[in-house]
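Protein chains in written order, with the numbering used here: chain A, 1 to 672; chain B, 1 to 489.
A virtual CB, placed ideally from N, CA and C, is assigned to each residue, including glycine.
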Amino acid sequence: MEGAAGGQRALLRQVLGWRVAAAVTWSVLLLPLCTAAFIVLSGLDPFHPVRWISKSFNDLYTSYVIFCIFLMSVVIIVISIFNVEFYAVVPSIPCSRLALIGKIIHPQQVIHSFVHAIMGMLVAWCATVMTKGRFQFLAVSCTPSESLEDAVPQMCLNEYHLFFLLSGAFLGYSYSLFFLINNMNYLPFPIIQQYKYLRFRRSLPLLIKHSCVESLYFVRNFCVTYYFFGYIPKVWICTTMGLHTDSKLHPLDTLSGLLDLSLFYHTWLSGVFLLMTWYIAWLLFKIYATESHHFPIQPTFAQETDQCLPKILNSNPPLLIKFLALQDLMLLSQYSPVRRQEVFSLSQPGGHPHNWTAISRECLSLLSDLTQRLIAQQEAAAANGRAKPPVGELKVPPQTPGAAGIEDTSFQSQRSNIVLRASMSPLVKPSLMPVKMSPGSDVGSPFSSPALSYKMGAVDVKSPWHGTVQSPHVTRRGPKLWTSVSDQQMNGSHHEPSPVLSAARTGSEAVQPKFIYTWLQNKQEQIKNFLSKRALIMYFFSKHPEASIQAVFCDAQMHIWALEGLSHLVAASFTEDQFGVVQTTLPAILNTLLTLQEVVDRHFKLPHVSSKPPRISGSLVDTSYKTLRFALRASLKTALYRITTVFGEHLNAVQVSTEHKKRLQQFLDYKE
Amino acid sequence: CCVLCLFPSPGPCPLCSPQSPCLHGPVSPRPWGLRGLCVLQVPDLPVLTLPKEPLKAHGRLEPSARPPFIHHRESLWKRCLSAWRDAGLCGLLRELASAEEEGLQWLRTGSSHALAVCRWLSSLHGSLFPHLSVSHSPCAPSRAGCTIRAFAWHPHTNKFAVALLDDSIRVYNSNSATVPSLKHRLQRNVAAMAWKPLCASILAVACQSCVLVWHLDPTSLSTRPSSGCAQVLSCPGHSPVTSLAWAPSGERLLSASPVDTAMLVRTLWGHPGTLGDLWSEKSLLSLLFCSLRHARQGGTVPEAGTGCWSPDGSRLLFTVLGESVIYSLSFSEYRGEMQGQVGGSKTASIVADLSETTFETLYGEERIGGEVHSMVWDPTGERLAVIIRGHPECAGSQPAVAVFRTRNSPVFELLPCGFVRGERGAQPQLISFHPCFPQGALLTVCWSSGRISHIPFFFVSALEPRGSPRRSPAPVLGSVREQPLFSEL
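Shown next, in the form of structure tokens:
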């Protein structure tokens, strides 16, 4: 196991390593350009244009500018290291304000902010050095005004310099904070494959605009902060370094001191410079990291086995690798007949469609995982304020690959299956679970997916429980027994639980004496009521419904790609699959897709779920993760249509349950 | 040599009712010796006549709801605020310059001067970027005179959407009598529509300021879907949107605008990406053509006319404005392995010359020929329909729809098939082929009279025999004189 993990880390390093290197190289190479632009703009003198241009070009070659560039290259490298360490393909969405605060004071984030503040200060120092003029030094010689006759030159504090350094630190901290709040560590994958240069060029105007505006806001905030708290660092620096305050200069933490246009312009410009260099590093990393990677389907050499697509999909690699693999699957299924042929091919000795089995199994298990998660969430929403569903029992049993799960007819696995089905909420019809499978199509077939086979374990024909589980009576009654202890009390009707289900209930809280349970519930309600009256606590603890829904769908990009890849492969198999490899899995695929479709439809009918997506603005910060659930719903429908359009009437020959058949017919009639 | 002289004369059909469109095949040795064939309607498709009178043309030229309300003087700063919100800086200045309050003489003069500067600057802007000053007029010519702005077939079913002059959209479905009428506040100057492929009922509409995406419920019986069903995709710096296309896989929507040199590609839910370079999807270039033609009206971009792709994406037919010829550009077989490049021949060849020809008809001399206005290729690749724009200045010359028989493999061939005529005086405005007509090809023509007619061509497609049992092998146009207009042989 450790070996495998090590191998995957090596793969990550291999895939990501050169991308990071290239991104860092490019951002360092772009640094002199930004510096030159900064120097030209900082010496802005519109009334003497010739002098301005020639002076700024002379400045470019001076030694301290070159030193600054070196220093800032180090800064860029540090920033890039943080980008690499903090990236995420699945955004983490705080569901309440408390969670957000928790994220901000998380040690990792504190380190992030601290280092960014230091780096910001460094950049600001470089900016002061390159701007020259009155900003350059922290200590300047000055003469105390009252004693002109004994003019002993003293070292005074140059408050402008201090202002600059502090503004750099403030900007660095704000950058780090906004990085967290806006989820800028999230890597959105591009919707079309384009050259990296073109992607960069397209984002550049946005980047410049965004940096200018952000810098304006940050500098404004900093001015306000400095107005109130500026005297603290000033006094501190003066006392520690033994500097005097120059009484001839205006102190900057007054209104008249802050109303200095030149100071404001230079602060803003250095802020723009800082944000631009950092955003460029971040943008380049994003562009390089989300570039598609070509995974081989069949290994050409033995040592490449770990790097081929089916293997990666079925192992549990770092998320970025998994995303890249699924993206590659989506691309190959859509655009590459040659690689599709490899997917449909049979293994040379033995003639097993290992590639297809592995790929379809992984996609289906991803999708059914999502189905389970949505069902659990719907249950929680339905049971809001009532008895909580036994979440522990809802856990999907560990998936045993291949036929092992089917042959396992021990009582344990039976129980887990029954519990799984029994604990479905009344929202979920029993027909949702793929119970009925034709004996010929999938049961015992080596091509079947474990996602289905674990559910079908209970339906094994040889099993003694076969009749019990199949009977609609039990499956329909099961949910009632599970979700509504309080319901039973209310209407007073007592179901005699069937032996199967009472066996399943052992160990769960439902066997606890009822009065303890209700007492606990009452207490809980009381505490809740008490707390909900305290506005402040509610302010921090209340869950934002939109955010919690976004959190459920935060990794839906994976599922979208799985859907696209799977549906394109199935559609292509109509003409390209020579051995009929896909046909064996078609019922399972249709079942999974239609089940997911019903669950997703149901999800959108829940209260609190807005059916209108928020408007996406074309800004630099990507917020597309907020609309992933809509994208998922759309691509689920598209995937089903893709299959039904290609197969047409032939789908009537595929064995699916009657309910699903009805649904399929609607898809065939374009009525969904 | 001109090819139109090989076409039969487009005289009136003796047996047709004056309303039904008439297809003129080549002179055929049929026993009854007719020179034209009346086209029977395909039974399950509605033939529509949408007269212009009930539609309020340009009813909403005034963007605000101000006129119907009683005039009420507000204080100056309130008016300025609303002018700022409505029309930006220029509106604010205009409001100030026309202020009638006392003691604001200096403000009035100042703002009128500033307004003059603003106007001068914007005129300068127009002369620097002339393509930005393109008026928003849809692709078809003389569109002001007709009732139908745009037409779109659903890619999978017998359903089509018609955008009318009053900017409402009606959706006709052969299976239901309900005709939903779509109206939205932002739905102005509809230039194009496109149904989302692999989907039941999602319609994208290119409007003046944005792209509207209507999510219609195919089972709903409502005739007036609420504007809540429409999703607004704003396109800053990319309006007016003049053409739209969905990628065939159904996930991405492309839009083009004459004011933007880049095309916008987006999914419905994500961030738009831009696309300045040619993308190797087939539908793209025709999109480009439409928007280039818009740009041409500004007089900057080379004159491209219209174009269409062969169904397999291996050939592009296009025209150039000012010339009455069809060019062909062949592309090597698209195999997905090529990374980011479209192979193709470097030079285009002329495949047809459509210069003016005179025909003797019962109504007298008729002249047909000239520039090609639009061109569509049917999904089987066997029929090509072309709207030939006549010379409007000379009498007797009128637009016509010419239909060619085409073959794309092994070699490209173009044969004359016939003219399609509507009722007398009606001019063809829009043509479109049904994307999945099982028995051959179905051409839909929108006439300037507001009539939409469907003309079926029954044939068995040689290329891809689709396994439809309902296919009737009964070609209407029996023996065509086998004289290719163009052949690569």
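Inclusion of A:Leu166 and A:Tyr226 in the CB contact set at 8 angstroms is warranted, their separation being smaller than that value. Between A:Leu320 and A:Leu628, the C-beta spacing is not below 8 angstroms. Taking the Cα positions, B:Cys229 is about 18 angstroms away from B:Leu253. Note that the C-beta distance between B:Ile350 and B:Val325 is below 8 angstroms. Counting only residues of its own chain and dropping the five nearest sequence neighbours on each side, B:Gln231 has a CB closer than 6 angstroms to the CB of Val213.
In summary, the residues of the segment 225 to 254 of chain B whose CB is separated from some CB of chain A by less than 8 angstroms are Gly228, Gln231, Val232, Ser234, Pro236, Ser249, Gly250, Glu251, Arg252, in the order they occur in the chain. Just measuring C-alpha positions, the residue of A:Ala302, A:Lys286, A:Ser336, A:Cys142 sitting nearest A:Ser247 is A:Cys142. The C-beta of A:Ala634 comes closer than 8 angstroms to at least one C-beta of chain B. The beta-bridge partner set that DSSP reports for B:His454 consists of B:Thr444.
Listed along the chain, the chain B residues whose CB falls inside 8 angstroms of the CB of A:Ser624 are Trp269, Gly270, His271.
Comparing alpha carbon positions, the residue from A:Lys55, A:Lys612, A:Thr25 closest to A:Ala36 is A:Lys55. The beta carbon of B:Leu203 sits closer than 8 angstroms to those of Ala152, Ala161, Ile169, Val171, Leu182, Met193, Ala194, Trp195, Lys196, Val213, Trp214, Leu216, all from its chain and outside the five residues before and after it, given in chain order.
In the DSSP secondary-structure assignment, B:Ile431 is bridged to B:Val445. DSSP places B:His391 outside any beta strand (DSSP E), giving it a letter other than H or E. Contacts between B:Thr157 and chain A, judged by CB atoms closer than 7 angstroms, involve Tyr670 in chain order. Listed along chain B, the residues sitting closer than 7 angstroms to A:Thr638 by beta-carbon distance are Leu198, Cys199, Gly250, Glu251. Secondary structure of A:Pro349 (DSSP, three-state): coil. The shortest CA-to-CA distance from B:Gly322 to any of B:Ser328, B:Val460, B:Ile388, B:His184 is the one to B:Ile388.
Think of a sphere of 8 angstroms around the beta carbon of B:Arg266: the chain A residues whose beta carbon falls inside it are Ile191, in chain order. In this structure A:Phe630 is not in contact with A:Pro607, their Cβ atoms being roughly 18 angstroms apart against a cut-off of 8 angstroms. Listed by position along chain A, the residues whose Cβ is nearer than 8 angstroms to that of B:Pro379 form an empty set, because the closest Cβ is around 14 angstroms away.
Membership of A:Asp601 in the alpha helix (DSSP H) is indicated by the continuous run 586 to 604. Under DSSP, B:Ser255 forms a beta bridge with B:Leu244, B:Leu264. Taking a C-beta distance under 8 angstroms as the contact criterion, B:Val401 and B:Pro428 qualify as a contact pair. In the structure shown, the three-state DSSP call for A:Gln378 is helix. One alpha carbon belongs to A:Thr658, the other to A:Gln303, and they sit about 47 angstroms apart.
Counting the other Cβ atoms within 10 Å of the Cβ of A:Met241 gives fewer than 16, which makes it exposed. When rounded, the separation of the alpha-carbon atoms in B:Thr306 and A:Ser360 is 44 angstroms. Non-local beta-carbon contacts of A:Phe285 in its own chain, meaning distances under 6 angstroms to residues more than five positions away in sequence, involve Ala23, Asn83 in chain order.
Of the candidates A:Tyr641, A:Leu98, A:Val570, A:Tyr641 places its Cα closest to the Cα of B:Thr157.
In its chain, beyond the 5 residues on either side, Asn185, Leu187 have a beta carbon closer than 6 angstroms to the beta carbon of A:Tyr87.
Taking the CA atoms as reference points, A:Pro317 sits about 21 angstroms from A:Ile81.
Per DSSP, the beta bridge partners of A:Ala139 are A:Leu157. In the DSSP assignment, B:Pro197 is bridged to no other residue. Secondary structure note for B:Met375: its beta strand (DSSP E) is the uninterrupted segment 372 to 377. Against B:Pro180, chain A offers no close residue; the least beta-carbon distance is about 15 angstroms (beta-carbon pairs closer than 8 angstroms).
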